[in-house]
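Residue numbers (our numbering): 110 to 252.
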């Protein structure tokens, strides 16, 4: 997984299709997936750390997680909680380490693009009617 350089564009936003960009892009649904029975967040964790940990269970990249990834997520939530619960100003090295752990879990769009994983959003609104008959009438009428 590359950590450097600009974040690649989504496959639908790219212009050049003839250049080989490396391994194929994996597309997955962005909705909730089945996750194993996981331990609940530690009650002593900071609220933001609890929310982050719980949000991973509803994220699309969770489809790729193994048991070791969930253990890493608990570790990251513990680090995050300790960082947020202290009265001292944030330690830059701890913040960088936390960002690195979170990046290895593909928690941001940029991390997923670098790993060539795209999460496709599922439409949540009502399904719109097909307008192809209107297009054909317009073509017949010459407009």
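Note that the Cβ used here is the ideal one computed from N, Cα and C, for glycine as well. Note that the structure is predicted; figures quoted are calculated from it, not measured.
query = Three-state secondary structure (DSSP) at residue 207?
reply = In the three-state reduction of the DSSP assignment, residue 207 falls in the helix class.
Using only the alpha-carbon positions, how far apart do residue 110 and residue 206 sit? Below a pLDDT of 50, predicted positions are generally treated as unreliable, and residue 110, at 48, falls in that range; no measurement from the model is reported.
Buried versus exposed, by CB contacts within 10 Å (16 or more), residue 247
With fewer than 16 Cβ atoms within 10 Å of its Cβ, residue 247 is classed as exposed.
- Query: When burial is assigned at 16 or more other CB atoms within 10 Å of the CB, is residue 150 buried or exposed?
  - Reply: When all chains shown are included, residue 150 counts as buried.
Exercise. Quick one: complete alpha helix (DSSP H) runs, 4+ long, within the stretch 149–197?
Worked result: Segments of the alpha helix (DSSP H) lying fully in the stretch 149–197: 156–167, 176–194.
Do the CB positions of residue 210 and residue 172 come within less than 7 angstroms of each other? Against a cut-off of 7 angstroms, the Cβ pair of residue 172 and residue 210 comes out as no contact.
Item to complete: Report, in whole angstroms, the separation of the C-beta atoms of residue 190 and residue 155, which I expect to be a contact under 8 angstroms.
Response: About 4 angstroms separates the beta carbons of residue 190 and residue 155, which is inside the 8 angstroms limit, making them a contact pair.
message = Taking its Cβ as the centre, do 16 or more other Cβ atoms sit within 10 Å of residue 193, making it buried, or is it exposed?
response = Classification of residue 193: exposed, given that the 10 Å Cβ count is below 16.
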